[in-house]
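In this note's numbering, the protein residues as written are 43 to 812.
This is the structure we're talking about:
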């Protein structure tokens with residue numbers, strides 16, 4: 043994708059301008075901290091304007107200018123500054139919110155004797171720095187500090203006289219932010235302060251022309267590009283992050299540790315932390331060998347996070363004999379080292395990862411209370427939510443607790459509002475909905491999805507409104523994989539399969555099974571403009587057949603493709619073998635697929651008796667899908683006495699249990715049957731209205747709804763619906779040309795004021811409806 047090439051170029055261009063964090067201990071000129079003699083700039087307004095009108099091309103061009111100036115954080119080349127003055131002026135105009143560019147401009151103006159220019163740049167730099175520090179220390183669940191380039195953070199620390207001690211990317215995926223955690227201290231010593239920056243959100247916001255703009259695929263592309271470019275430069279934060287990703291893909295604890303160890307031995311925070319978690323949750327002999335040797339020198343150097351991890355190791359007995367007193371002493375030392383009593387808060391994250399279902403132990407609760415009493419908002423919130431979890435229905439939410447959770451300072455991402463919405467869900471529905479909306483407004487992806495689904499259900503099969511799409515898209519970009527999958531389905535139904543990829547692939551990367559098989563279906567269909575082909579779909583499914591988690595589903599999909607000859611030559615024998623393997627093992631869905639294939643003669647002729655047995659076996663497992671599928675076959679193809687009557691009865695039973703396929707079938711039977719003993723348009727309309735209430739039902743089901751409207755004389759409504767059917771079917775290759783012609787013929791009937799009546803010749807047996 044385009045972002046990959048552009049951001050790699052940008053980062054490589056910055057490589058000589060931005061020192062590694064471990065080398066950022068530089069001397070800052072006195073002029074780096076100017077007196078504010080001008081009116082403070084409107085930083086919020088500048089950011090708003092930049093994000094609305096800036097472009098990735100201008101941001102990249104501005105970054106390239108820095109390299110031409112001989113910029114090394116604390117100095118520039120005066121001659122180069124004069125030579126490239128116009129380009130620097132353009133960079134300042136195009137990216138005024140970059141602390142990197144403002145600092146470079148200030149140093150250039152100082153070097154060339156432009157006092158007024160230096161003053162302007164220093165005033166803007168000071169305003170940006172103040173805004174960044176305000177964001178960094180804002181309440182619980184804050185957003186990361188927004189920056190344009192990694193060099194902005196380095197410029198911030200240099201201007202503030204701070205030294206970077208260590209750093210990490212603590213997340214694998216953007217949600218929607220991709221935090222870059224940096225620990226810095228005053229240059230002359232003092233407490234460590236943890237900062238969280240994000241430039242991924244900024245860059246993807248600027249990339250308006252990218253085909254994946256507005257989707258999580260673009261965010262993912264930027265993250266992958268940056269990880270790759272930074273790792274090639276030797277930046278530990280990305281080497282560390284890539285080790286974490288490799289470990290996540292590894293199948294055994296031993297393989298995970300093997301993937302983590304090299305980065306951990308270099309001092310990687312996330313790899314060391316993940317190593318500790320593997321040994322805590324999936325210990326094996328020798329799991330923690332070498333872990334303490336890595337943590338000890340870092341803890342002795344007073345790296346706060348290493349001290350926390352060493353405390354956890356002593357508390358849990360990971361790589362060292364369990365020693366609670368030593369653990370608490372290390373935690374207290376970390377608390378003294380980290381500003382704002384941050385140690386107890388960070389340790390809580392470690393503890394709850396290892397013990398997700400346990401209450402907070404007394405020693406940790408005591409330290410959180412001390413942090414809360416010292417003004418740490420995050421500690422206060424942790425204690426409230428911990429009590430909610432521990433006490434359950436006996437917990438009493440005080441007005442002070444609610445005020446803390448609802449404080450805007452504690453809702454940078456909307457999490458506090460979501461906690462309150464969930465708390466009031468069974469207690470005060472109106473308050474729950476109000477907090478849900480506030481959480482969504484603040485960007486919480488769970489709240490956004492909840493509101494999107496509420497609205498979508500209310501809209502039924504009507505095309506999703508702009509508001510619903512916006513909420514789904516925000517939830518998807520916020521990291522919610524179901525929202526990614528669902529938005530991908532909408533794109534498919536809109537006839538935009540290549541756009542669907544941009545929603546589905548990020549969900550797949552995060553482990554969403556439905557998105558994985560939806561993408562395989564799209565590739566198998568052979569849509570133009572896709573990154574995958576039917577052959578690639580087959581290859582992907584083949585690779586999944588050995589999976590305990592996905593194997594049966596992959597084999598069912600492969601069997602379908604083998605029957606169709608899609609992505610592979612037709613091979614009914616292999617299809618039968620694939621389905622039989624899991625059907626005999628008790629997989630109900632495989633039993634249904636095998637039964638259907640036998641009944642319709644797709645994998646052998648004259649084997650209806652065997653097909654019936656498999657369908658009966660699946661129905662014995664109380665499968666509504668089996669009832670719907672078998673009911674349809676009996677209704678249209680059954681040849682034994684009573685088959686059609688039983689087929690209708692089974693279909694009704696499944697429909698009354700809210701099986702969507704059965705609802706569609708029953709509505710169709712009742713509305714279009716040529717048999718007056720079956721035909722009942724009024725009853726069919728009831729089923730069709732129920733069907734219409736289901737979102738994303740697709741053109742085939744909507745075809746049924748239109749037929750039912752026409753069956754009771756609602757021709758204008760039928761024409762409106764059938765036109766939607768035809769329009770959407772044209773964009774779907776899964777709807778074959780014969781089906782499309784039938785849909786168009788029905789549209790002509792409704793336009794002429796006539797209902798559609800099914801041809802009685804389609805029934806294979808005698809009419810046995812009593």
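Just so it is clear, CB atoms sit at the ideal spot from N, CA and C, and this is done for glycine as well. If you're wondering where the values come from, they're calculated on a predicted model, not measured in any experiment.
Rounded to whole angstroms, the gap between the alpha carbons of residue 92 and residue 130 is 17 Å. For residue 652, the enclosing alpha helix (DSSP H) covers residues 650 to 662. If you ignore the 5 residues before and after residue 601, its C-beta comes within less than 7 Å of the C-beta of 617, 620, 621, 635, all in its own chain and listed in chain order. Counting of Cβ neighbours within 10 angstroms places residue 686 among the buried residues, the total reaching 16 or more. DSSP links residue 227 through a beta bridge to 205. Counted as a single uninterrupted DSSP element, the beta strand (DSSP E) harbouring residue 235 occupies residues 235 to 240. Under the 8 Å Cβ criterion, the stretch 384 to 392 counts as touching the stretch 342 to 361, having at least three qualifying pairs.
For residue 321, the enclosing alpha helix (DSSP H) begins and ends at 311 to 323.
Approximately 4 Å separates the beta-carbon atoms of residue 460 and residue 481; this is inside 8 Å, confirming the contact.
Taking C-alpha positions only, residue 684 is separated from residue 697 by approximately 20 Å. By the neighbour-count criterion, in which 16 or more other beta carbons inside 10 Å mark a residue as buried, residue 499 falls on the exposed side.
Taken atom to atom, the span from the alpha-carbon of residue 396 to that of residue 260 is near 33 Å. Distance check between residue 625 and each of 180, 597, 729, 651 places 597 closest, using alpha-carbon atoms only. Pairwise C-beta distances place the stretch 151 to 167 out of contact with the stretch 211 to 228, as fewer than three of them are shorter than 8 Å. Within the DSSP bridge table, the entry for residue 380 names 234 as partners. Bounds of the alpha helix (DSSP H) holding residue 710 are 702 to 714. Using a C-beta cut-off of 8 Å, the stretch 141 to 153 makes contact with the stretch 197 to 210, since at least three inter-stretch Cβ pairs fall below that distance. Shown here, residue 222 sits in a strand according to DSSP, grouped into three states. For residue 286, the number of other beta carbons within 10 angstroms of its own is at least 16, and it is reported as buried. Here residue 475 is near residue 463, since their CB atoms are less than 9 Å apart.
Pairing residue 432 with residue 401 gives a Cβ-Cβ distance under 9 Å.
With respect to the 9 Å criterion, residue 298 and residue 306 are not classified as neighbours on the basis of their beta carbons. By the Cβ neighbour-count rule, residue 331 is exposed, with fewer than 16 other Cβ atoms within 10 Å of its own.
Its chain contains 203, 205 as the residues whose beta carbon lies nearer than 6 Å to that of residue 229, once the 5 sequence neighbours on both sides are disregarded; these appear in chain order.
Residue burial annotation: residue 804 is exposed, with fewer than 16 other C-beta atoms found within 10 angstroms of its C-beta. Per the DSSP secondary-structure output, residue 187 pairs in a beta bridge with 239. For residue 210, the beta-bridge partners assigned by DSSP are 223. The stretch 116 to 127 and the stretch 169 to 187 do not touch, with fewer than three beta-carbon pairs separated by less than 8 Å. Between residue 320 and residue 244, the gap from beta carbon to beta carbon reaches 9 Å or more. Per the C-alpha coordinates, the member of 669, 701, 700 positioned closest to residue 689 is 669. By alpha-carbon distance to residue 123, the top candidate from 109, 136, 711 is 109. Separation of the CB atoms of residue 545 and residue 526 is rounded to 5 Å, and the pair is thereby assigned contact status at 8 Å. The criterion of a C-beta distance shorter than 9 Å is not satisfied by residue 537 and residue 737. Rounded to whole angstroms, the separation of the alpha carbons of residue 785 and residue 706 is 16 Å.
In the DSSP assignment, residue 544 falls within the alpha helix (DSSP H) that extends over 539 to 551.
Residues of the same chain with a CB within less than 6 Å of the CB of residue 523, apart from the 5 flanking positions on each side, are 549, 552, 554 in chain order.
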